[in-house]
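**Student:**
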Amino acid sequence: MATPTHNGIPIVLTADRTLMAHYPTLLDGMMATIQTSGVPAVVMRRLLAPPMPHPGGRAARAPLGLRRIEAALRRDGFDPRAIAIVSPERLDEVVGPRTRIVGLSSGDPLGRGMTNTTMVAMSGGRLYTRTWFADACARLRRLRDGGLDFHVVAGGPGAWQLANAPATADARGIDHVFLGYAERDVADLFGRLMDGEVLDPVLVGRRTAPGDIPPIEGPTGMGVVEISRGCGRGCGFCTLAGEPMVHLGAERIVADVAANVRGGCPSISLISEDLLRYGSDGTTVDPPALLDMLAAVRGVQGVRMIQVDHVNIASVEQFSDEQLRQVRRLLRAGSAHEQVWVNLGAESAAGDLLTANGLGGKIRPFDASDWPRLCENAARRLAGCGFVPMLSLILGLPGETGAHVEQTIDLVRRLEGLRAVIFPIFHAPLAPGCRPFGLDDMTASHWRLFRLAYRFNFRWIPGLFADNHRAAGAPWWRRLFVQAAGRIQKRQWQLKFIRRSGRLRP
Ligand code: SF4
């Protein structure tokens with residue numbers, strides 16, 4: 001690699017290219033991060049995950065985690081000119097002799113997330129999150145081979161995968177893996193690295209009190225704004241199981257929303273592990289706190305579409321229909337957003353199976369025997385109040401029997417006709433060396449469940465995209481492309497069902 005003609009920026013922050021693309025909606029981001037090499041690279045780079053604009057040589061929008069690190073470094077005394085956030089393709093423009101640290105974030109660096117292992121099993125090929133993370137590492141390696149000397153610190157939601165695979169991390173040229181939240185410790189750790197101190201290969205950030213989380217100073221990818229962090233419900237397979245849920249104050253949330261709007265990102269995504277638990281202490285919900293916060297966010301001048309992600313089934317049960325309608329009214333007020341989707345982690349209709357797998361926390365304060373009723377009620381009531389419930393199901397939980405799968409099939413059958421989408425995913429244990437559930441483990445019942453679920457998806461997902469694109473003002477070419485690509489993918493999945501299980505109908 002040629003010697004750079006610039007001195008470089010001391011601290012460079014980047015992420016794998018799936019996180020650094022320019023998506024109009026949260027749905028687009030979710031769709032892109034599950035794609036495999038079955039989608040040609042040029043289609044992926046130009047259309048599904050289009051390049052991020054870089055006005056003035058810096059990413060116009062950046063993943064929330066990188067924005068928080070940038071804000072924490074500035075708060076703790078680093079010169080803003082000493083920090084640059086760029087896409088991996090732009091690393092050559094900012095990494096030079098003065099560069100001391102490159103922070104590299106990824107959501108799924110080794111392709112071990114449950115949704116993604118399922119996509120690889122079903123679609124074949126290699127995940128783009130994995131390929132593009134490796135590409136970013138290779139780019140950094142070439143820069144180092146060219147004589148530059150900087151530390152590579154990998155972090156982000158998928159950092160646990162690298163901590164569990166030290167040899168792979170080493171082979172990728174990663175010097176340190178950063179686990180946990182970074183705001184409290186990043187300035188100190190980066191400062192020590194820059195002073196030449198030798199630190200452990202795995203660094204762990206300490207929890208930060210919500211009041212000490214620094215406000216972001218620029219827009220985020222998909223307008224992501226954090227409203228709560230952690231969960232603490234204790235599910236055995238989840239990295240957030242032991243992280244108690246804390247909530248950011250409405251004032252801080254409004255400031256982060258305003259930073260997005262000011263930076264040209266009027267469609268925002270309010271992120272938490274359970275929207276409906278906002279403002280509560282423990283698992284008992286506090287609807288007025290949520291409604292007040294949403295009203296404050298809706299009051300930010302220039303806000304367009306407000307997207308959300310997860311809600312917990314046990315929290316839905318504690319909201320009245322009128323309160324759910326009020327939530328939806330505030331989310332969509334003044335926008336063309338009709339189909340407000342929410343992610344519901346049902347995982348299985350068998351409450352005893354969830355409990356046996358340490359997932360009983362999901363059901364609290366209700367009883368495991370209530371779980372099928374709670375799942376059905378939550379989906380029906382949300383749909384009745386105008387939401388689109390998006391249920392996730394986990395296949396192959398340890399101890400799962402044919403009867404458990406049949407119970408889940410019954411649940412899905414009872415939901416037929418509802419405007420809902422349902423994603424079955426394969427169980428993938430967090431512990432290193434444990435074998436994930438795979439295609440070879442699929443029984444006839446699993447296939448039937450898959451086909452039933454995808455009947456919902458084939459029917460409702462195109463409209464969901466069309467609605468969300470319209471509400472966010474996505475460019476016409478993208479709307480057309482996504483609809484056309486969706487039709488092709490639907491045919492591919494239908495063929496797969498026929499090839500693998502001999503039929504298309506459940
Ligand atoms: S409820 Fe969801 S986020 Fe919370 S611990 Fe369980 S799986 Fe994780």
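Residues 1 to 506, numbered by this note's numbering, are exactly what the sequence shown covers, in order. Built from N, CA and C at the ideal position, the CB exists for glycine as well.
Any heavy atom of ligand 1 closer than 7 Å to the beta-carbon of aspartate 317?
**Tutor:** On the sequence shown, position 317 is the one that residue 317 refers to. Per the sequence shown, the amino acid found at residue 317 is glutamate instead of aspartate. For ligand 1, not one heavy atom lies less than 7 Å from the Cβ of glutamate 317.
**Student:** Please determine whether the Cβ atom of alanine 241 lies at a distance below 7 Å from any heavy atom of ligand 1.
**Tutor:** Here residue 241 corresponds to residue number 241 of the sequence shown, with the count starting at 1. Yes.
**Student:** In this structure, how does DSSP classify cysteine 265 when only helix, strand and coil are distinguished?
**Tutor:** Indexing the sequence shown from 1 puts residue 265 at position 265. Residue state, collapsed to three classes: coil.
**Student:** To the nearest angstrom, how far is it from the Cα of glycine 38 to the Cα of glutamine 492?
**Tutor:** Looking up residue 38 in the sequence shown gives position 38. Looking up residue 492 in the sequence shown gives position 492. Spanning the two alpha carbons is a distance of roughly 11 Å.
**Student:** Is glycine 156 closer than 8 Å to serine 228 when the C-beta atoms are compared?
**Tutor:** On the sequence shown, position 228 is the one that residue 228 refers to. On the sequence shown, position 156 is the one that residue 156 refers to. No; because the gap between Cβ atoms is not below 8 Å, this pair is not in contact.
**Student:** Taking buried to mean at least 16 other C-beta atoms within 10 Å of its own C-beta, is valine 285 buried or exposed?
**Tutor:** On the sequence shown, position 285 is the one that residue 285 refers to. So valine 285 counts as buried.
**Student:** Could you tell me which uninterrupted alpha helix (DSSP H) segments, each at least 4 residues in length, are contained entirely in the stretch 296 to 341, listed from first to last along the chain?
**Tutor:** Listed in chain order, the complete alpha helix (DSSP H) runs (minimum 4 residues) inside the stretch 296 to 341 are 313 to 316 and 321 to 332.
**Student:** Where does isoleucine 69 sit, in a helix, a strand or coil, going by DSSP?
**Tutor:** For the purposes of this step, residue 69 is identified with residue 69 of the sequence shown, where counting begins at 1. Isoleucine 69: helix per DSSP, three-state reduction.
**Student:** Where does the unbroken alpha helix (DSSP H) through methionine 119 begin, and where does it stop?
**Tutor:** To locate residue 119, count along the sequence shown from 1; it is residue 119. Per DSSP, methionine 119 belongs to the alpha helix (DSSP H) from 114 to 123.
**Student:** Determine the contact status of histidine 427 and isoleucine 394, defining contact as a CB-CB distance below 8 Å.
**Tutor:** For the purposes of this step, residue 427 is taken as residue 427 along the sequence shown, with counting starting at 1. For the purposes of this step, residue 394 is taken as residue 394 along the sequence shown, with counting starting at 1. Yes, these two residues count as a Cβ contact at 8 Å.
**Student:** If you reduce the DSSP assignment to three classes, tell me which class methionine 1 lands in.
**Tutor:** Start at 1 with the first residue of the sequence shown, and residue 1 comes out as number 1. Per-residue confidence for methionine 1 stands at a pLDDT of 49, beneath the threshold of 50, marking its modelled position as unreliable; the derived number appears in the next sentence. Three-state result, methionine 1: coil.
**Student:** Within a Cβ cutoff of 6 Å, which residues of the same chain sit near glycine 282, ignoring the five residues on either side of it in sequence?
**Tutor:** Along the sequence shown, read from residue 1 onward, the residue named residue 282 stands at position 282. So no residue of the chain qualifies.
**Student:** Nearest-angstrom Cα distance between valine 224 and leucine 19?
**Tutor:** Sequence index remark: in the sequence shown, residue 224 carries index 224 (1-based). Sequence index remark: in the sequence shown, residue 19 carries index 19 (1-based). Approximately 12 Å between the Cα atoms of the pair.
**Student:** My assumption, with CB atoms under 8 Å, is that glycine 399 sits in contact with alanine 356. Please give the rounded CB distance.
**Tutor:** Counted from its first residue, the sequence shown places residue 399 at position 399. Counted from its first residue, the sequence shown places residue 356 at position 356. Confirmed, about 5 Å.
**Student:** Just mark arginine 172 as buried or exposed, buried being the case when its beta carbon has 16 or more other beta carbons within 10 Å.
**Tutor:** Against the sequence shown, residue 172 aligns to sequence position 172. Buried is the call here.
**Student:** How many Å lie between valine 246 and glycine 232 at the Cα?
**Tutor:** Indexing the sequence shown from 1 puts residue 246 at position 246. Indexing the sequence shown from 1 puts residue 232 at position 232. Cα to Cα, valine 246 sits roughly 10 Å from glycine 232.
**Student:** Please name the residue in Arg130, Tyr181 and Leu203 whose C-alpha comes closest to that of leucine 189.
**Tutor:** Within the sequence shown, residue 189 is the residue found at index 189, counting from 1. Nearest of Arg130, Tyr181 and Leu203 to leucine 189, Cα basis: Leu203.
**Student:** When you compare the CB positions of glycine 218 and alanine 159, do they come within less than 8 Å of one another, or not?
**Tutor:** Your numbering for residue 218 matches position 218 in the sequence shown. Your numbering for residue 159 matches position 159 in the sequence shown. Cβ distance not < 8 Å, so glycine 218 and alanine 159 don't count as in contact.
**Student:** Would you mind giving the Cβ-Cβ distance between alanine 60 and proline 53, rounded to the nearest angstrom? I have them listed as a contact below 8 Å.
**Tutor:** Taking the first residue of the sequence shown as position 1, residue 60 is located at position 60. Taking the first residue of the sequence shown as position 1, residue 53 is located at position 53. Correct: roughly 5 Å between the Cβ atoms.
**Student:** Count Cβ pairs between the stretch 26 to 34 and the stretch 63 to 78 that sit closer than 8 Å; are there 3 or more?
**Tutor:** No: fewer than three Cβ pairs fall under 8 Å.
**Student:** Please work out which residues of its chain come closer than 7 Å, Cβ to Cβ, to histidine 404, disregarding the five sequence neighbours upstream and downstream, and give them in chain order.
**Tutor:** For the purposes of this step, residue 404 is taken as the residue at position 404 of the sequence shown. The answer, listed in chain order, is Ser348, Ala350 and Leu353.
**Student:** Can you give me the Cβ contacts of lysine 362 inside the same chain, cut-off strictly under 8 Å, excluding the 5 residues immediately before and after it?
**Tutor:** If you number the sequence shown from 1, residue 362 lands on position 362. Contacts found: Arg233, Cys235, Asn312, Ile313, Ala314, Gly345, Glu347 and Leu354.
**Student:** What three-state label does DSSP hand arginine 491 in the structure shown?
**Tutor:** Working through the sequence shown from its first residue, we reach residue 491 at position 491. If DSSP states are grouped into helix, strand and coil, arginine 491 belongs with the helices.
**Student:** Since serine 87 contacts arginine 130 with CB under 8 Å, what's their CB separation in whole angstroms?
**Tutor:** Position 87 of the sequence shown holds residue 87. Position 130 of the sequence shown holds residue 130. Not confirmed; about 17 Å, so no contact.
**Student:** Look at the Cβ atom of glutamate 273, then the Cβ atom of leucine 248, and state whether they are nearer than 8 Å.
**Tutor:** The residue you call residue 273 lines up with position 273 of the sequence shown. The residue you call residue 248 lines up with position 248 of the sequence shown. Result no, Cβ atoms of glutamate 273 and leucine 248 do not sit closer than 8 Å.
**Student:** Which residues in the same chain as alanine 84 place their Cβ atom closer than 8 Å to its Cβ, once the five residues preceding and following it in sequence are excluded?
**Tutor:** Against the sequence shown, residue 84 aligns to sequence position 84. If we look at alanine 84 and ignore the five residues flanking it on each side, its Cβ neighbours are Ile9, Ile11, Val12, Leu13, Gly57, Arg58 and Val94.
**Student:** Could you work out which residue in Arg500, Val153, Pro40 and Val120 is closest to cysteine 436 when comparing CA atoms only?
**Tutor:** Within the sequence shown, numbered from 1, the residue matching residue 436 stands at position 436. Per the sequence shown, residue 436 should be read as proline rather than cysteine. Here the closest residue by C-alpha is Val120.
**Student:** In the DSSP output, which residue or residues are listed as bridge partners for threonine 36?
**Tutor:** As a position in the sequence shown, residue 36 is number 36, starting the count at 1. Partner(s): Leu127.
**Student:** Assign alanine 453 to buried or exposed, taking buried as 16 or more other Cβ atoms, counted over all protein chains shown, within 10 Å of its Cβ.
**Tutor:** Taking the sequence shown and counting its residues from 1, one reaches residue 453 at position 453. By the neighbour-count rule (16 or more Cβ atoms within 10 Å), alanine 453 is buried.
**Student:** Alpha carbon to alpha carbon, how far is glutamine 500 from valine 421?
**Tutor:** The residue you call residue 500 lines up with position 500 of the sequence shown. The residue you call residue 421 lines up with position 421 of the sequence shown. For the record, residue 500 in the displayed sequence is arginine; it is not glutamine. Near 22 Å, if we compare the C-alpha coordinates of valine 421 and arginine 500.
**Student:** Taking the CB atoms as reference points, tell me whether glutamine 306 and leucine 331 lie closer together than 8 Å.
**Tutor:** On the sequence shown, residue 306 is found 306 positions in, with the first residue counted as 1. On the sequence shown, residue 331 is found 331 positions in, with the first residue counted as 1. The residue you asked about is not glutamine; residue 306 is isoleucine in the sequence shown. Contact flag set, yes.
**Student:** Around the C-beta of alanine 471, are 16 or more other C-beta atoms found within 10 angstroms, so that it is buried, or is it exposed?
**Tutor:** Taking the first residue of the sequence shown as 1, we reach residue 471 at position 471. By the 10 Å Cβ count, alanine 471 comes out buried.
**Student:** My output table needs one value for phenylalanine 497: the three-state DSSP class, helix, strand or coil.
**Tutor:** Locating residue 497 in the sequence shown gives position 497, where the first residue counts as 1. The answer is helix: DSSP assigns phenylalanine 497 an H, G or I state.
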